[in-house]
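Let me begin by presenting the structure, written as structure tokens, before commenting on it.
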Amino acid sequence: MSICYSEEFKSFYLNTPNTSYVFHINEGGFLVHDYYGSTLPVCDLREYAARLARGPKSADGTTVPCGTPMEYSCNGTGDFRVSALQIRNAAGNASTDIRYVSHKIYAGKPAIPGQPSTYGTEEEVSTLEILTQDAVTGAKVTLFYSAFENYDAITRRAVVENGSDYDMDLERVYSLCCEIPFGNWQICHLYGEWGRERTFERSNLIHGITSVESTQGASSHQHNPFVAIVDEYTTEDVGDAYGFNLVYSGNFSVQTEQIVDGDLRLIMGINPNDFGWKLEPGESFATPEAVSVYSAEGLGGMSRTFHKLYRNNLCRGPWKTAKRPLLINNWEGTYFDFDEEKIFNIAKQAGELGVEMLVLDDGWFGARNSDKAGLGDWFVNEEKLKGGLGKLSERIHGLGMKFGLWFEPEMVNPDSDLYRAHPDWCLQVDGRQLCTSRNQYVLDMTRRDVRDYLFNCMDNILKNARIEYIKWDFNRYLSEAGSLLLAPERQKEIFHRYVLGLYALLDRLVTAYPDILLEGCASGGGRFDPAMLYYSPQYWTSDDTDAIERLDIQYGTSMCYPTSTVSSHVSACPNHQTGRTTPLQTRADVALAGSFGYELDVTKMSDEDKEAVKGQIAEYHKYYDLIHFGELFRVIPPNREECAWVYVSEDKSEALLTFVCVRNRPRVRRRTVHFRGLDPNKLYADQDGTVRAGSVWMKAGVNKAQVMKDYTTFKVHLTEVK
Ligand code: DGJ
Numbered sequence: 013m014s015i016c017y018s019e020e021f022k023s024f025y026l027n028t029p030n031t032s033y034v035f036h037i038n039e040g041g042f043l044v045h046d047y048y049g050s051t052l053p054v055c056d057l058r059e060y061a062a063r064l065a066r067g068p069k070s071a072d073g074t075t076v077p078c079g080t081p082m083e084y085s086c087n088g089t090g091d092f093r094v095s096a097l098q099i100r101n102a103a104g105n106a107s108t109d110i111r112y113v114s115h116k117i118y119a120g121k122p123a124i125p126g127q128p129s130t131y132g133t134e135e136e137v138s139t140l141e142i143l144t145q146d147a148v149t150g151a152k153v154t155l156f157y158s159a160f161e162n163y164d165a166i167t168r169r170a171v172v173e174n175g176s177d178y179d180m181d182l183e184r185v186y187s188l189c190c191e192i193p194f195g196n197w198q199i200c201h202l203y204g205e206w207g208r209e210r211t212f213e214r215s216n217l218i219h220g221i222t223s224v225e226s227t228q229g230a231s232s233h234q235h236n237p238f239v240a241i242v243d244e245y246t247t248e249d250v251g252d253a254y255g256f257n258l259v260y261s262g263n264f265s266v267q268t269e270q271i272v273d274g275d276l277r278l279i280m281g282i283n284p285n286d287f288g289w290k291l292e293p294g295e296s297f298a299t300p301e302a303v304s305v306y307s308a309e310g311l312g313g314m315s316r317t318f319h320k321l322y323r324n325n326l327c328r329g330p331w332k333t334a335k336r337p338l339l340i341n342n343w344e345g346t347y348f349d350f351d352e353e354k355i356f357n358i359a360k361q362a363g364e365l366g367v368e369m370l371v372l373d374d375g376w377f378g379a380r381n382s383d384k385a386g387l388g389d390w391f392v393n394e395e396k397l398k399g400g401l402g403k404l405s406e407r408i409h410g411l412g413m414k415f416g417l418w419f420e421p422e423m424v425n426p427d428s429d430l431y432r433a434h435p436d437w438c439l440q441v442d443g444r445q446l447c448t449s450r451n452q453y454v455l456d457m458t459r460r461d462v463r464d465y466l467f468n469c470m471d472n473i474l475k476n477a478r479i480e481y482i483k484w485d486f487n488r489y490l491s492e493a494g495s496l497l498l499a500p501e502r503q504k505e506i507f508h509r510y511v512l513g514l515y516a517l518l519d520r521l522v523t524a525y526p527d528i529l530l531e532g533c534a535s536g537g538g539r540f541d542p543a544m545l546y547y548s549p550q551y552w553t554s555d556d557t558d559a560i561e562r563l564d565i566q567y568g569t570s571m572c573y574p575t576s577t578v579s580s581h582v583s584a585c586p587n588h589q590t591g592r593t594t595p596l597q598t599r600a601d602v603a604l605a606g607s608f609g610y611e612l613d614v615t616k617m618s619d620e621d622k623e624a625v626k627g628q629i630a631e632y633h634k635y636y637d638l639i640h641f642g643e644l645f646r647v648i649p650p651n652r653e654e655c656a657w658v659y660v661s662e663d664k665s666e667a668l669l670t671f672v673c674v675r676n677r678p679r680v681r682r683r684t685v686h687f688r689g690l691d692p693n694k695l696y697a698d699q700d701g702t703v704r705a706g707s708v709w710m711k712a713g714v715n716k717a718q719v720m721k722d723y724t725t726f727k728v729h730l731t732e733v734k
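Residue numbers (the numbering used here): 13 to 734.
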């Protein structure tokens, strides 16, 4: 068991293979943080934290937490830094103070009812539950910690129960508070925009509060619920890297606070902005789960831990391990302009090249001939698809292919039968005009009747046609976020209730159809977060399919999300988003670093390009296991000139290096690109039969001047020579 408690030191020790996390109960019952980093033996670390405590003493002689590293910081009782918990009691006060009551340690990890989370068997993970209490508000706060046996990952969350006889209001209830010792820290995070999701940014942390947040009702294109705290000298391969990721699809907040000579505090959880939760006596509230990973092997080591954890202990269902079908999606090929024959012909010609599934995107239902109408009317448009989905699906299956379908369940166009029948089903605020975005409104996912309608529509479609895959889209954020069914004092709960409603519908769908492969999407990657990966093991990464733009997007995404979740397609050129023309092979080599597919009208391709596609598909099969289940090493981050990455199989018997020349320059200084992650003592042969030791492939590298044209690529595939 990776968690233990020392009665002698009143300390908890959470150990993963290479990390320790230690905290203790002090004289006053506060939970005080001692250490998080590389593995330490069980020892007394209590004075380590005491060095930081300062300020006045409390009445009972114990130190108030001013300056003290706290396990779960509370508001308004002497800790003047950012707080994880703020409860306003019936008397109107928001001062909060939790003290230790009891704890239990056990093998396994409980699920969070109604919410996604990582999971594991009793052999894989153990859990510490600490019950604390606030004597004044009567709140009982249980802190959950789970430590994984095989990965350097610890998960955190809290449950607050109203143990008083009066109502209380939760004003902020974060999932995690983490204290990182004083140092020269930098913050890495992923910012973006439609078409430019998860751009990596690394900057110095100021003295003061830094926040990365979403207020849009979804995790968003603009920010991702991921940050890493790294030392100024941390690289891809060495140095401290603390990664944090929230398993949540709604408004999130990450705040760091650094004070002079103090530890760096980081809190992560539901954004308290536009949030509140009323707890009646006996009711409880569960936060989402936050995941933390520490690595002394830099950002690369941190990422590889996230990848393994998410691949094995977050994604679920048969598609977690089963080989994903190689698909073609018609969106960029046809947009709304298609009929049954056009779709069938795309499927037929793609199938002849080796594509395994046709995904029919937006436009197959209601009066959906543009994005102006039809959303919500989940009934097949028989003018476009004569004979309906059942017939089309059968014809496609007749080609030996699978069939997938697009939905955007959470939305409605004002110009739709659904909206005309149920205007009350939208999120809305009485008297305020609803704003449209992409000509649509957001359905009130907090309502059971809305969720039932959506489930029944999807169920009806899925029962009446053979469908193996669903793309679940979400194309706008939440505004005028009110519900006609919620009492005024509960309207502040709407953003979180929306997310819970979304999870409920997703859960119902994947429970009823466990074999369907669900791909998440939100105008590209606007809701690419661990919570969505729990339901959908692959996610449409971005609407920007340009191979050069994708270098940045996939690099940032790889900080915490595994390659198997990164849905990535080859599209036509000039690229629809950037106008750029890149070689077909480059588009394929970049898309290979993901769940591979095509997004074009294959019937318009030249014979030469079709031949090339056959070769790409052969490569997809050849490298599938290596790319999906291997370890990723980011060799050269994307820059104005180049980018390179390596996949290495877990047993280190095989590796694939991909190099992209973005901008060729005369007299490039370093003409080699280097493998990483190989066994230095093993012998490896490349595809041309050159045999060298792993150390040579890593230290001497490969001549990269072999590609000297903008936007071209090369790959080097190594296999072990026994
Ligand atoms: C946005 C998605 O990101 C696209 O892939 C496509 O499905 C469109 N929506 C359809 O409206």
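Just so you know, even glycine gets a beta-carbon here, dropped at the ideal spot from N, CA and C.
Note down, in chain order, each residue of its chain lying with its Cβ closer than 7 Å to the Cβ of residue i, except the 5 sequence neighbours on either side.
| i | result |
| --- | --- |
| Gly73 | Note on Gly73: pLDDT 46, under 50, position unreliable in the model; no value is reported. |
| Asp383 | Arg450 and Asn451 |
| Asn676 | Met720, Lys721 and Asp722 |
| Asp698 | Val728, His729 and Leu730 |
| Tyr254 | Ile192, Ala240, Ile241, Ser304 and Tyr306 |
| Trp709 | Phe687, Leu690, Tyr696 and Leu730 |
Compute every distance between the C-beta of residue i and the non-hydrogen atoms of ligand 1, then say whether any falls below 8 Å.
| i | result |
| --- | --- |
| Lys483 | yes |
| Ala534 | yes |
| Asn216 | no |
| Glu420 | yes |
| Asn341 | yes |
| Trp552 | yes |
| Asn487 | yes |
| Asp373 | yes |
| Asp442 | no |
Take residue i and list the residues in its own chain whose beta-carbon comes closer than 6 Å to its own, dropping the five residues that flank it on each side.
| i | result |
| --- | --- |
| Gln503 | Gly494 |
| Asp555 | Gly207 and Gly536 |
| Glu136 | Glu161 |
| Leu188 | Arg168, Met280 and Ala302 |
| Cys447 | Ser491 |
| Tyr178 | Ala102 |
Identify the residues that DSSP records as bridge partners of residue i: which are they?
| i | result |
| --- | --- |
| Val672 | Cys655 and Thr725 |
| Cys438 | Leu455 |
| Glu301 | Val259 |
| Leu57 | The partner list for Leu57 (beta bridge, DSSP) is empty, contrary to what the question assumes. |
| Val719 | None, per the DSSP bridge assignment. |
| Gly251 | Glu309 |
| Tyr17 | Phe24 |
| Gln503 | None; Gln503 has no bridge partner. |
For the beta strand (DSSP E) containing residue i, name the first residue and the last one.
| i | result |
| --- | --- |
| Thr523 | Unbroken run through Thr523 is the alpha helix (DSSP H), Ile506 to Ala524; no beta strand (DSSP E). |
| Tyr47 | Leu43 to Ser50 |
| Phe264 | Phe264 to Gln270 |
| Phe348 | Careful: Phe348 lies outside any beta strand (DSSP E) and carries neither H nor E. |
| Met280 | Leu276 to Ile282 |
| Gln98 | Leu97 to Arg100 |
| Ser579 | Val578 to Ser583 |
| Thr139 | Val137 to Gln145 |
Locate the alpha helix (DSSP H) running through residue i, then write down its first and last residues.
| i | result |
| --- | --- |
| Val708 | Gly706 to Lys711 |
| Tyr163 | Premise fails: Tyr163 is in no alpha helix (DSSP H) and is neither H nor E. |
| Ile1 | This structure does not reach residue 1, given that the chain is present from 13 up to 734, and the question cannot be answered. |
| Leu545 | Pro542 to Tyr547 |
Check each candidate in the options and name the one with the smallest Cα separation from residue i.
| i | options | result |
| --- | --- | --- |
| Gln361 | Leu339, Phe608, Trp197 and Pro330 | Leu339 |
| Asn27 | Ser138, Asn105 and Thr133 | Ser138 |
| Ala534 | Pro421, Leu202, Phe356 and His201 | Pro421 |
| Tyr112 | Gly310, Ser129 and Thr154 | Thr154 |
| Leu417 | Leu529, Val674, Ser665 and Gln198 | Leu529 |
| Phe415 | His235, Cys200 and Phe356 | Phe356 |
| Asp349 | Asp373, Tyr696 and Val685 | Asp373 |
| His633 | Lys335, Glu225, Cys78 and Phe212 | Lys335 |
| Thr724 | Thr684, Asp619, Leu596 and Asn342 | Leu596 |
Who are the Cβ neighbours of residue i in its own chain at under 8 Å, not counting the five residues just before and after it?
| i | result |
| --- | --- |
| Gln566 | Thr553, Val578, Ser580, Val602, Ala605 and Gly606 |
| Leu512 | Gly126, Gln127 and Thr458 |
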